[in-house]
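Those letters in the sequence shown? Residues -18 to 236, by our numbering.
We put the CB at the ideal spot given by N, CA and C, even for glycine.
Quick notes on the structure that follows.
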Amino acid sequence: MKGILRNFFKTEPVTNVSKDVQPKQLPRHIAIIMDGNGRWAGKRHVPRIIGHREGSQTLKRIVLKCKEIGIKYLTVYAFSTENWKRPKPEVDALMELLREFLSQAKGELAENNIKIKVLGDINTLPKDIQNEIIKVEKLTASNTGLWFNVALNYGSRNEIVNAVRAVCRDVETGRLNIDDITEKVFSRYMYTYEIPDPDLLIRTSGEYRLSNFLLWQLAYSELLFDKVNWPDFSEKHLLKAVEDYMSRERRFGGI
Ligand code: FPP
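Below, the structure written as structure tokens:
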């Protein structure tokens, strides 16, 4: 480990960045768009699902590393509302991977004091997966280590529209006054109502898009795009991203 991050963990004064650079704090919340599984597989002339399988292993390693370095919240984009458009065999294979991931999560992640939550509309997922999600969430609900969100059948515009509907219903029934609707109040209607917005968004595979992920919550997040395909994203890449974040100045619109 080198640079700012090493200094941080040794709790030595940071010496290699300019005085007026701000955060020098670990990001509390990291969001990740895990992209490039298909291209990783393509380069190796193996089926795309092998890329997803490898990506699932990467995810487990990165979750554990986040926990180890003291990240409080991690949110990953595992399956979007648009991913249903993929060929059925690929969707089925992703669902199978999800089953395996949830089953492993009940062991290793739960034992590591990791709290697991799913963001998204789970009602259209296969029934057995819905039941597993409920079990895993229950099992890990009181864990106090890393809070790990998995976005599944998630779309940000859909989340915002649903939030607007819920706000309207509360206005209609008199539980909320129109004049009391603030950004803070609106945030309470999102899947992420219990946790702070991401400080850092990482997207792998060299794509520069948000792809309908956390559009409301990423308003002030630092963005980091890494060229590496997700299956090759290692603990080192994570530390480098965190180090990059810590060298940045965040002004939130101020000066
Ligand atoms: C994007 O790669 C990745 C996904 C759509 C799925 C992400 C899933 C995993 C990392 C595996 C873990 C899965 C679960 C369900 C826990 P892509 O297929 O779009 O890659 P490409 O752009 O190179 O084709």
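### Query
For Lys98, which residues from the same chain have a beta carbon less than 8 Å from its beta carbon, with the 5 sequence-adjacent residues on both sides left out?
Leaving aside the five residues that flank Lys98 on each side, the residues in its chain whose CB is nearer than 8 Å to its CB run, in chain order, Glu118, Trp128, Phe129, Asn130, Val131.
#### Entry: beta strand (DSSP E) segment containing His10, residue limits
Start and end: 10 to 14.
### Message
Taking only three categories from DSSP, how would you classify Gln191?
### Response
Reading off the sequence, residue 191 comes out as Leu, not Gln. DSSP places Leu191 outside both helix and strand once states are collapsed to three, so it counts as coil.
### Query
Can you list, in chain order, the residues of its chain whose CB lies under 8 Å from that of Ile103, leaving out five sequence neighbours each side?
Answer for Ile103: Ile110, Gln111, Ile114, Leu133, Asn134, listed in chain order.
### Query
Which term fits His218, buried or exposed, when burial requires 16 or more other beta carbons within 10 angstroms of its beta carbon?
Here His218 is buried, its C-beta having at least 16 other C-beta atoms within 10 Å.
### Three-state secondary structure (DSSP) of Phe167
Residue state, collapsed to three classes: helix.
#### Entry: Chain-order list of residues whose beta-carbon lies under 6 Å from that of Val44 (same chain, five-residue window excluded)
Taken in chain order, the residues that qualify are Phe129.
### Task
List the whole-angstrom C-beta distance separating Cys47 from Leu55, where the pair is believed to meet the contact cut-off of C-beta under 8 Å.
Right, their Cβ atoms sit about 5 Å apart.
### Query
Around the Cβ of Glu122, are there at least 16 other Cβ atoms within 10 angstroms (buried) or fewer (exposed)?
At residue 122 the sequence reads Ala, which differs from the Glu that was named. Burial call: exposed.
### Task
Can you tell me which of Glu140, Ile183, Asn143, Leu75 puts its alpha carbon nearest to the alpha carbon of His10?
Of the residues Glu140, Ile183, Asn143, Leu75, the one whose Cα lies closest to the Cα of His10 is Ile183.
### Query
If you count every other CB in all the chains shown that lies within 10 Å of the CB of Asn210, and 16 or more means buried, which is it?
Counting C-beta atoms within 10 angstroms of its own C-beta, Asn210 has 16 or more neighbours from the protein chains shown and is therefore classed as buried.
### Message
Given this structure, state the Cα-to-Cα distance separating Gly51 from Pro177, to the nearest angstrom.
### Response
Distance between the alpha carbons of Gly51 and Pro177 is about 15 Å.
### Message
Asn193 and Gly136 - do their beta-carbons sit closer together than 7 Å?
### Response
Contact check for Gly136 against Asn193 passes: the beta carbons are separated by less than 7 Å.
### Task
Would you check if the distance between the CB atom of Ser215 and the CB atom of Pro179 is smaller than 7 Å?
Going by C-beta atoms, Ser215 is not nearer than 7 Å to Pro179.
#### Entry: For Tyr54: DSSP bridge partner residues
His10, Trp128.
### Query
Counting along the chain, where does the beta strand (DSSP E) carrying Lys96 start and finish?
96 to 100 is the extent of the beta strand (DSSP E) around Lys96.
#### Entry: As assigned by DSSP and simplified to three states, the class of Ser123
For Ser123, the secondary structure class from DSSP, reduced to helix, strand or coil, is coil.
### Message
If you measure between the beta carbons of Asp73 and Glu188, is that distance less than 7 Å?
### Response
Against a cut-off of 7 Å, the Cβ pair of Glu188 and Asp73 comes out as no contact.
### Query
Whose C-beta lies closer than 7 Å to the C-beta of Tyr170 among residues of the same chain, with five residues either side of it excluded?
Ala144, Ala147, Val148.
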